[in-house]
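Trainee: Sharing a structure, written as structure tokens. Questions coming.
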Amino acid sequence: MKALAALLLLLSTASAAQVPLAEPAKPISLSVRDAELGELLRSIAAIAGLQLVISPSVQGRISLHLQDLPPEQALSVIARSQGLGLRQLDTVWLIAPAAELTQREKALEEAERAHAQSAPLQLQTLQLRYAKAAELKNLLQSDKNSLLSERGRVGVDERSNTLLLQEQEDRLPTLMRLLTELDQPQPQVLIESRIVIASEDFARQLGARLGGAGGSGHYAIAGSAAAARERLAGGQPALDSALAVHAPTANTAIGTLGWSILGPEFQLDLELQALESEGRGDVIAQPRVLTASGKQALIEQGREIPFQTSSSNNGTNTQFKKAVLSLTVTPQVTPDGRVIMDLSVTNDSQGSSVSTGTGGAAPTIDTRRLQTQALIHSGETLVLGGVTQEERNRSTGKLPLLGDIPLLGYLFRNSARSSARRELLIFVTPRILEEQTATR
Numbered sequence: 152m153k154a155l156a157a158l159l160l161l162l163s164t165a166s167a168a169q170v171p172l173a174e175p176a177k178p179i180s181l182s183v184r185d186a187e188l189g190e191l192l193r194s195i196a197a198i199a200g201l202q203l204v205i206s207p208s209v210q211g212r213i214s215l216h217l218q219d220l221p222p223e224q225a226l227s228v229i230a231r232s233q234g235l236g237l238r239q240l241d242t243v244w245l246i247a248p249a250a251e252l253t254q255r256e257k258a259l260e261e262a263e264r265a266h267a268q269s270a271p272l273q274l275q276t277l278q279l280r281y282a283k284a285a286e287l288k289n290l291l292q293s294d295k296n297s298l299l300s301e302r303g304r305v306g307v308d309e310r311s312n313t314l315l316l317q318e319q320e321d322r323l324p325t326l327m328r329l330l331t332e333l334d335q336p337q338p339q340v341l342i343e344s345r346i347v348i349a350s351e352d353f354a355r356q357l358g359a360r361l362g363g364a365g366g367s368g369h370y371a372i373a374g375s376a377a378a379a380r381e382r383l384a385g386g387q388p389a390l391d392s393a394l395a396v397h398a399p400t401a402n403t404a405i406g407t408l409g410w411s412i413l414g415p416e417f418q419l420d421l422e423l424q425a426l427e428s429e430g431r432g433d434v435i436a437q438p439r440v441l442t443a444s445g446k447q448a449l450i451e452q453g454r455e456i457p458f459q460t461s462s463s464n465n466g467t468n469t470q471f472k473k474a475v476l477s478l479t480v481t482p483q484v485t486p487d488g489r490v491i492m493d494l495s496v497t498n499d500s501q502g503s504s505v506s507t508g509t510g511g512a513a514p515t516i517d518t519r520r521l522q523t524q525a526l527i528h529s530g531e532t533l534v535l536g537g538v539t540q541e542e543r544n545r546s547t548g549k550l551p552l553l554g555d556i557p558l559l560g561y562l563f564r565n566s567a568r569s570s571a572r573r574e575l576l577i578f579v580t581p582r583i584l585e586e587q588t589a590t591r
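In case it helps, our numbering puts the sequence shown at residues 152 to 591.
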């Protein structure tokens, strides 16, 4: 054994005395034949300055040749080759048969579990300022991933928005820090929208004034001649107009547009006022709603249409169908100050009536709906469109009496046909409010 220790000392690149405790041990090289296993492990630990505990069950002899390995890796290789397990407990290494280590770990877990079961539970309350106690309770006590121990319990006092935690004393500080971090005010978002029914020509003209950029290297379309020349040169045009739309596209494909409306809103209001004054459309609603980040806001305006249905006892029941204009939006403020919006806009109206199987009639609902998700900066305006409706009219005029004369009456009558396409446009502007502004 003295010869073995001398050989290891000779082959190692540094002794334990040469290696400071704060630095990792340097690699070692080993070449032994028919050495006693326990003595070999103790020699490696002595050279590397490691604290090693060897189970009495570790026995046998070993031959090996290892070149330039860290001492920990050398121990691991030897342990695996002999069916042993290697565990590190703080600064101490433990080597024992794998089954013995598994049994010890299982016994340790059972002892810790028994201690936890017998330890008294502490009760602590936390009154929340911003978050809802019921929501945090669901987070703590989720069926799939509970943050509480097996004995831990959580209750809610809805009157004071207070959580009541009953948990082991050593776990309470961590839970309280987590709940305090989650109990933070959410940013407030003001959603301003304008819902417009416009004629098709106005929608086209408004889009032309807003501007766009696209095409290939041979032609370009933009809001101005300078912007078109810049697009042909291979760059993205700088749109100076307050109503400009930046629509970046790739040079290899046509038709990929990304819309982002820029500029002060009062110019958009002037455009919409001109729309109404010229009789080419109507601003049917301008809802505004304030909501917190991640919370859904709903604005609904319209009516419920009653209709009669027959019941099983030969009576009648009155039921209602909604024909409303609604805006549903869920904003999510990102860390960089932008807003992700989940939007759903519906504009339902009463259609024709259809007969039911019981001999009555029920109204149909004509539905126009837009649903999307967009990421924009605070203060920018998102424009949604594309939902169109075609109206066809036919009118007849005639002179009294003369227009009713057989055969010759057509000389005193005239008829006209007209059709118009109208488009639903939605302008949505989210604004992230500062904390002082939101509390006024």
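C-beta atoms are modelled at their ideal positions from N, C-alpha and C, and glycine is treated no differently. From a predicted model like this one, the values you see are computed outputs, not experimental measurements.
1) Give every residue of the same chain whose Cβ lies closer than 7 Å to the Cβ of LEU333, excluding the five residues on either side of it in the sequence, and list them in chain order.
2) So what's THR580 in DSSP terms, helix, strand or just coil?
3) Taking the beta carbon of ALA512 as the centre, do at least 16 other beta carbons fall within 10 Å, making it buried, or is it exposed?
4) Express the C-alpha separation of GLN275 and ARG193 in angstroms, rounding to a whole number.
5) What three-state label does DSSP hand GLY488 in the structure shown?
6) Report the residue from PRO222, ALA262, HIS216 and SER208 whose alpha carbon sits nearest the alpha carbon of GLY234.
7) For LEU240, count neighbouring Cβ atoms within 10 angstroms of its own Cβ and tell me buried if that reaches 16, exposed if not.
8) Terminal residues of the continuous alpha helix (DSSP H) containing PRO324?
9) Inspect the beta-carbon positions of VAL129 and GLN452 and report whether they are closer than 8 Å.
10) Report, in whole angstroms, the separation of the C-beta atoms of VAL340 and PRO178, which I expect to be a contact under 8 Å.
11) Just grab the DSSP bridge partners of LYS446 for me.
12) Take LEU251 as the anchor and find which of ARG264, VAL243 and LEU237 has the nearest alpha-carbon.
13) Using only the alpha-carbon positions, how far apart do ILE246 and ILE205 sit?
14) At least one CB of chain D closer than 8 Å to the CB of GLY432: is that the case?
15) Report the rounded CA-to-CA distance for TRP244 versus ASP308, giving the unit in angstroms.
16) Under the three-state reduction of DSSP, which class applies to ALA371: helix, strand or coil?
17) Taking GLY502 as part of the alpha helix (DSSP H), name the residues at either end of that continuous run.
18) May I have a chain-ordered list of the beta strand (DSSP E) segments no shorter than 3 residues that lie completely inside the region 198–260?
19) Going along the chain, which residues of its own chain have a beta-carbon closer than 6 Å to the beta-carbon of ILE450, five neighbours each way excluded?
20) Got a sec, what are the start and stop residues for the alpha helix (DSSP H) GLU286 sits in?
21) Between which two residues does the beta strand (DSSP E) holding GLN339 run?
22) If you run the structure through DSSP and keep just helix, strand and coil, what is GLY189?
23) What does the alpha-carbon distance come out to for the pair LEU96 and GLN273?
24) Since ILE435 is in the beta strand (DSSP E), which residue starts that stretch and which ends it?
25) Could you work out which residue in VAL496, GLU260 and VAL505 is closest to ALA436 when comparing CA atoms only?
26) Counting pairs of beta carbons, one from the region 256–264 and one from the region 220–233, are three or more of them closer than 8 Å?
27) Per DSSP, GLY306 is paired with what?
28) Check for me: the beta strand (DSSP E) holding PRO551 runs from which residue to which?
29) Report yes if the CB atom of LEU299 is closer than 8 Å to the CB atom of LEU291, and no otherwise.
30) What is the DSSP secondary structure of GLY300, counted as helix, strand or coil?
31) For the beta strand (DSSP E) containing ALA270, list its first residue and its last residue.
32) Quick one: what does DSSP say ASP294 is sitting in, helix, strand or coil?
33) Going by other Cβ atoms of all chains shown within 10 Å of its Cβ, with 16 needed for buried, is SER503 buried or exposed?
34) Between which two residues does the beta strand (DSSP E) containing PRO514 stretch?
35) Which value, in whole angstroms, describes the spacing of the CA atoms of ARG568 and GLU429?
36) Please name the residue or residues paired with ILE456 in a DSSP beta bridge.
Mentor: Reading off the structure:
1) Looking up residue 333 in the sequence shown gives position 182. Closer than 7 Å at Cβ, skipping near neighbours: ALA282 and LEU287.
2) Taking the first residue of the sequence shown as 1, we reach residue 580 at position 429. Looking at THR580 - three-state DSSP - the assignment turns out to be strand.
3) Numbered from 1 along the sequence shown, position 361 holds the residue referred to as residue 512. ALA512 is exposed by the Cβ-count criterion.
4) As a working mapping, residue 193 is identified with position 42 in the sequence shown. As a working mapping, residue 275 is identified with position 124 in the sequence shown. Each residue's alpha carbon lies about 50 Å from the other.
5) Reading the sequence shown from its first residue, position 337 is the one you call residue 488. If DSSP states are grouped into helix, strand and coil, GLY488 belongs with coil.
6) On the sequence shown, position 83 is the one that residue 234 refers to. The residue with the shortest Cα to Cα distance from GLY234 is SER208.
7) In the sequence shown, residue 240 corresponds to position 89, counting from 1. Answer is exposed; the Cβ neighbour count stays below 16.
8) Taking the sequence shown and counting its residues from 1, the one referred to as residue 324 is at position 173. First-last of the alpha helix (DSSP H) with PRO324: 323–333.
9) Outside the shown range of the chain, which is 152 to 591, sits residue 129, and nothing can be said about it.
10) As a first step, residue 340 must be located in the sequence shown, where it is residue number 189. As a first step, residue 178 must be located in the sequence shown, where it is residue number 27. Taking C-beta atoms under 8 Å as the contact rule, VAL340 and PRO178 fail to qualify, at a distance of about 59 Å.
11) Within the sequence shown, residue 446 is the residue found at index 295, counting from 1. Note: LYS446 sits in no beta bridge, so no partner.
12) Position 100 of the sequence shown holds residue 251. Contrary to the premise, residue 251 reads as Glu rather than Leu in this sequence. Of the candidates ARG264, VAL243 and LEU237, the one whose C-alpha sits nearest the C-alpha of GLU251 is LEU237.
13) Position 95 of the sequence shown holds residue 246. Position 54 of the sequence shown holds residue 205. Those two C-alpha atoms are separated by around 5 Å.
14) Going by chain labels, chain D is absent from the structure shown, which holds only one protein chain.
15) As a first step, residue 244 is located in the sequence shown; it is residue number 93 there, counting from the start. As a first step, residue 308 is located in the sequence shown; it is residue number 157 there, counting from the start. One Cα belongs to TRP244, the other to ASP308, and the distance between them is close to 49 Å.
16) If you number the sequence shown from 1, residue 371 lands on position 220. Interpretation of ALA371 is limited by its pLDDT of 38, a score under 50 that renders its predicted location unreliable; no figure is taken from the coordinates.
17) Here residue 502 refers to the residue found at position 351 of the sequence shown. Counting along the chain, GLY502 falls outside any alpha helix (DSSP H), though it belongs to the beta strand (DSSP E) covering 500–506.
18) 202–205, 212–220, 235–240 and 243–248
19) For the purposes of this step, residue 450 is taken as residue 299 along the sequence shown, with counting starting at 1. Counting only Cβ-Cβ distances below 6 Å, and skipping sequence neighbours, we find PRO438, VAL440 and LEU478.
20) As a working note, residue 286 is residue 135 in the sequence shown. 284–291 is the extent of the alpha helix (DSSP H) around GLU286.
21) Taking the sequence shown and counting its residues from 1, the one referred to as residue 339 is at position 188. Its beta strand (DSSP E) spans residues 339–350.
22) For this step, residue 189 is matched to residue 38 along the sequence shown. If DSSP states are grouped into helix, strand and coil, GLY189 belongs with the helices.
23) Any property of residue 96 remains undetermined from this structure, which presents the chain solely from 152 to 591.
24) Counting from 1 along the sequence shown, the entry for residue 435 is found at position 284. Note, ILE435: beta strand (DSSP E), 432–436.
25) Position 285 of the sequence shown, counted from the start, is the residue given in the question as residue 436. For ALA436, the nearest C-alpha among the options comes from VAL496.
26) no
27) In the sequence shown, the residue the question calls residue 306 occupies position 155. LEU315.
28) As a first step, residue 551 must be located in the sequence shown, where it is residue number 400. Note, PRO551: premise wrong, no beta strand (DSSP E); not H, not E.
29) Sequence index remark: in the sequence shown, residue 299 carries index 148 (1-based). Sequence index remark: in the sequence shown, residue 291 carries index 140 (1-based). Cβ atoms of LEU299 and LEU291: closer than 8 Å.
30) Sequence index remark: in the sequence shown, residue 300 carries index 149 (1-based). Position check: residue 300 holds Ser in this sequence, whereas Gly was assumed. It is coil, neither helix nor strand.
31) Locating residue 270 in the sequence shown gives position 119, counting from the first residue. Segment: none, ALA270 is in no beta strand (DSSP E) and carries neither H nor E.
32) As a first step, residue 294 must be located in the sequence shown, where it is residue number 143. Looking at ASP294 - three-state DSSP - the assignment turns out to be coil, as it is neither helix nor strand.
33) Counting from one through the sequence shown, the residue named residue 503 turns up at place 352. Result: exposed.
34) If you number the sequence shown from 1, residue 514 lands on position 363. Run containing PRO514: 512–517, per the beta strand (DSSP E) assignment.
35) If you number the sequence shown from 1, residue 568 lands on position 417. If you number the sequence shown from 1, residue 429 lands on position 278. Looking at the two C-alpha atoms, the distance is approximately 22 Å.
36) Within the sequence shown, numbered from 1, the residue matching residue 456 stands at position 305. In the DSSP output, where bridge partners are listed per residue, ILE456 has LYS472.
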